[in-house]
Amino acid sequence: DQQVKQNSPSLSVQEGRISILNCDYTNSMFDYFLWYKKYPAEGPTFLISISSIKDKNEDGRFTVFLNKSAKHLSLHIVPSQPGDSAVYFCAASGDTGNQFYFGTGTSLTVIP
Amino acid sequence: DTGVSQDPRHKITKRGQNVTFRCDPISEHNRLYWYRQTLGQGPEFLTYFQNEAQLEKSRLLSDRFSAERPKGSFSTLEIQRTEQGDSAMYLCASSLPVGISYNEQFFGPGTRLTVL
Chain V
11 DQQVKQNSPS LSVQEGRISI LNCDYTNSMF DYFLWYKKYP AEGPTFLISI SSIKDKNEDG
71 RFTVFLNKSA KHLSLHIVPS QPGDSAVYFC AASGDTGNQF YFGTGTSLTV IP
Chain S
21 DTGVSQDPRH KITKRGQNVT FRCDPISEHN RLYWYRQTLG QGPEFLTYFQ NEAQLEKSRL
81 LSDRFSAERP KGSFSTLEIQ RTEQGDSAMY LCASSLPVGI SYNEQFFGPG TRLTVL
């Protein structure tokens with residue numbers, strides 16, 4: 011039962027343009043949402059997070075938007091850079107943080 | 021390097037053998053997680069420790085799997101009587117207590133298990 015879904019396995023974007031990665035979830039009890047970036051042969055690296063009490067969180071070129079009514083979150087990267095090419099995972103947890111659910115990932119390619 | 025470390029990085033074993041993996045979390049992190057990741061999938065939660073106490077276990081963690089975290093420091097994940105379906109990347113992550121750095125997990129590089 012996939013509680014966190016990333017329906018786009020891959021995305022290609024021109025350098026300098028906006029990258030938008032999407033994530034949907036099914037469990038309304040999720041309280042905290044995170045995005046991770048993963049390069050080959052490395053573990054995931056934390057990128058940005060958002061609590062369910064907010065609808066937007068921004069950190070430099072990265073912004074995460076949360077739409078609780080739609081159970082949807084998105085990650086915006088502006089401007090996209092070739093070094094952003096990686097697999098991006100969204101993840102969700104309840105308020106205890108004892109268990110996390112990850113999506114299947116979206117492979118982003120930023121074309122120079 | 022003060023990140024999360026895992027050992028070994030790669031393990032090839034024959035079906036039916038037992039294997040053990042080790043994770044050393046960041047020293048001040050009291051929360052430790054094990055995940056399994058197969059090709060084309062995201063990390064799947066296996067188990068969670070707060071200090072030395074194992075507080076959560078996924079139903080994915082069959083009775084062939086056992087995890088420990090003695091003294092609340094490093095952790096080990098043992099798989100007994102390995103099966104080909106156990107072939108995966110096993111990831112360890114650690115984090116600070118909730119309220120200090122909410123839920124930001126730091127992952128190790130993983131141990132890639134291949135069962136022949």
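So the sequence lines, in the order shown, correspond to chains V and S.
The opening position of the first sequence corresponds to residue 11 in our numbering, with each subsequent residue numbered one higher.
The opening position of the second sequence corresponds to residue 21 in our numbering, with each subsequent residue numbered one higher.
The beta-carbon is built from N, C-alpha and C at its ideal position, and this holds for glycine as well.
Reference residue i, options the options, closest by Cα
{"i": "arginine 51(S)", "options": "Gln125(S), Gly130(S) and Thr58(S)", "result": "Gln125(S)"}
{"i": "histidine 86(V)", "options": "Asp94(V), Gln12(V) and Thr114(V)", "result": "Asp94(V)"}
{"i": "methionine 6(V)", "options": "Cys100(V), Thr106(V) and Ile121(V)", "result": "Residue 6(V) falls outside the range modelled here, since chain V spans only 11 to 122, and no answer is possible."}
{"i": "valine 23(V)", "options": "Phe99(V), Gly113(V) and Val88(V)", "result": "Val88(V)"}
{"i": "alanine 113(S)", "options": "Thr33(S), Glu103(S), Leu97(S) and Ser107(S)", "result": "Leu97(S)"}
{"i": "serine 118(V)", "options": "Lys66(V), Leu31(V) and Arg27(V)", "result": "Reading off the sequence, residue 118(V) comes out as leucine, not serine. Closest option to leucine 118(V), Cα to Cα, is Leu31(V)."}
{"i": "glycine 23(S)", "options": "Val135(S), Thr102(S), Cys43(S) and Tyr68(S)", "result": "Cys43(S)"}
Any chain C beta carbon closer than 9 Å to residue i
{"i": "arginine 101(S)", "result": "Although the question refers to chain C, the structure presented lacks it and instead comprises the protein chains V and S."}
Secondary structure of residue i, DSSP reduced to three states
{"i": "aspartate 104(S)", "result": "Correcting the residue type first, residue 104(S) is glutamine in the shown sequence and not aspartate. Here glutamine 104(S) sits in helix by DSSP."}
{"i": "aspartate 94(V)", "result": "helix"}
{"i": "lysine 47(V)", "result": "strand"}
{"i": "lysine 31(S)", "result": "strand"}
{"i": "lysine 15(V)", "result": "strand"}
Residue-level contact to chain S via CB, residue i, 9 Å cutoff
{"i": "glutamine 91(V)", "result": "no"}
{"i": "alanine 96(V)", "result": "no"}
{"i": "tyrosine 35(V)", "result": "no"}
{"i": "glycine 70(V)", "result": "no"}
{"i": "glutamate 52(V)", "result": "yes"}
{"i": "phenylalanine 40(V)", "result": "no"}
{"i": "alanine 80(V)", "result": "no"}
{"i": "threonine 114(V)", "result": "yes"}
{"i": "leucine 44(V)", "result": "yes"}
Test item: CB-CB of residue i and residue j under 9 Å
{"i": "tyrosine 35(V)", "j": "valine 14(V)", "result": "yes"}
{"i": "phenylalanine 110(V)", "j": "proline 63(S)", "result": "yes"}
{"i": "proline 129(S)", "j": "glutamine 26(S)", "result": "yes"}
Residue-level contact to chain V via CB, residue i, 9 Å cutoff
{"i": "phenylalanine 41(S)", "result": "no"}
{"i": "arginine 51(S)", "result": "yes"}
8 Å Cβ cut-off: residues of chain S touching residue i
{"i": "glutamine 109(V)", "result": "Phe65, Tyr68, Glu76 and Ser78"}
Chain S contact residues for residue i, given Cβ-Cβ distances below 9 Å
{"i": "threonine 73(V)", "result": "Those do not exist, as threonine 73(V) stays about 17 Å from chain S at its closest Cβ, beyond 9 Å."}
Contacts that residue i makes with chain V (C-beta to C-beta distance below 8 Å)
{"i": "proline 129(S)", "result": "Ala51, Glu52 and Gly53"}
{"i": "phenylalanine 151(S)", "result": "Nothing can be reported for residue 151(S), as the shown portion of chain S is limited to 21 through 136."}
{"i": "leucine 111(S)", "result": "Gly53 and Pro54"}
Amino acids of chain V, ordered along the chain, whose beta-carbon sits closer than 7 Å to that of residue i
{"i": "glycine 62(S)", "result": "Phe99, Phe112, Gly113, Thr114 and Gly115"}
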